[in-house]
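The sequence shown begins at 1 in the UniProt record's numbering and counts up one residue at a time. Ideal placement from N, C-alpha and C gives every residue a C-beta, glycine not left out. Everything below concerns the one structure shown next.
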Amino acid sequence: MTKQEIQELKASLSIREVIGRYTTLRRVGRRWMGLCPFHGDRHPSLSVNEEKGSFVCYACGERGDVFAFVSKIEKVGFAEAAKRLTKELTIENGQLTIEGKDNKDAGALPERLSVVDSRLSVENEVFLAMLLPAGSGCPELTPTWLDFGVGQSPFLVPERWKAMRNRLVFPVRDEEGRLVGFAARRLSDEDRDKPKYINSETGELYRKSELLYGLYEAREAIRREGSVFLVEGYKDVLAMHAAGFRHTVALCGTALCTGHIALLKRYTTSVRVMLDADKAGRKATDAIVPTLVGEGMEVVRIGLPEGDDPDSLFRRLGKEAFAAYVREAVRLVQPSEELVLLGRIRKGVGLLSDVAETEKRERLLMVLEDCLAQLKGLSAAACRPATMDWRWV
């Protein structure tokens, strides 16, 4: 994109609307204020100036224009941020136009699917429309199954989908919501001679090493919660979402890959690993946890009763009891809010001696001030451990 095209794109976008997708903004005078999504903000410190097309956080110091915001929150470079903001726009001869079905030159868009990808995507949508309603076997799960488009493949299907006929089919979407493939599970244990799962062929659209099931549906919840549940199976994701834990994704029947880690890091660095409570699940957990920790991520294990997975436990306990179980399991492994704040303060104090630039020191001091304010707002009787040394705070 040329500088002129970048300026035209920037002028066409409302920075308030873009940022408003990630945090709730409220008008305060001529500006808009909201909780900053870049740090643990408890009091609105993010200011958005729609007239100037800029934002600034008075607590952590993050600032910039709409491109800087998207780059930071999506953890992508400028070029990719521009592509995402250009998704429904094309610029021709200096004139900005909305992309539509009749736009004959739409192929000029940088993120445009190739002809082959487009054909495969259309074929996927056709197969999705052919799926029959599939019973979840649990009324509390059915709405979520419908939301995710889970269905049963009919017996009569085109040759391309022959292997998936008469199976339970899970549509798989990529990070942007494109229907890239399917996972089909056998319906009867009597068919043990057949593979339990059959997946779409690996290609440009469908690469299991670069896909996390449920990520498209979970993106906003992950940003909002600041963490993600990583589970093992497709039905586990559906059970977690049905119970209210919408910040849940699953590996698509494969081991954790660098592509998965890169996807997770775009949204959070806090992962709650909750794989099946069996030998295979424990082995996978033992491999995943150190890998994620080695990537600088904060990782905790969430245990399940022996032999259970999120789907089976949901069905056994029911929605409310299952949700209560998960909340309690998380509480037992999560550090208190006070300890988290103390950790941030200690880290910040340690960094001060290494920061020479005045502007950077001021930003760091603002962060420390924000943490101290939050710390003072906590109830000492309820949260403060009796053995903790507070003399230096």
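When DSSP states are grouped into helix, strand and coil, CYS57 belongs to the strand group. One Cα belongs to PHE55, the other to ASP370, and the distance between them is close to 18 angstroms. For GLY34, the uninterrupted beta strand (DSSP E) segment begins and ends at 31-34. For PHE78 and GLU62, the gap between their C-alpha atoms comes out near 16 angstroms. When secondary structure is reduced to three states using DSSP, PHE78 falls in the helix class.
Using a Cβ distance threshold of 9 angstroms, THR269 and GLU225 do not count as a contacting pair. If you look at VAL231, you'll find it in the beta strand (DSSP E) that goes 228-231. Residues of the same chain with a CB within less than 7 angstroms of the CB of TYR234, apart from the 5 flanking positions on each side, are PHE170, ALA183, TYR213 and ALA250 in chain order. Within the DSSP bridge table, the entry for ASP65 names SER54 as partners. Residue pairing by DSSP places SER47 opposite MET33 and VAL56 in a beta bridge. Within 10 angstroms of the beta-carbon of PRO310 lie 16 or more other beta-carbons, which makes it buried. Judged by their CB atoms, VAL48 and GLY34 are nearer to each other than the 9 angstroms cut-off. With three or more CB-CB distances shorter than 8 angstroms, the segment 311-326 counts as touching the segment 241-249. In the DSSP annotation of this structure, GLU220 is not part of any beta strand (DSSP E); the continuous alpha helix (DSSP H) holding it starts and ends at 215-225.
Per DSSP, the continuous beta strand (DSSP E) segment holding VAL300 begins and ends at 298-301.
Going by beta carbons, VAL326 and VAL300 fall outside the 9 angstroms limit.
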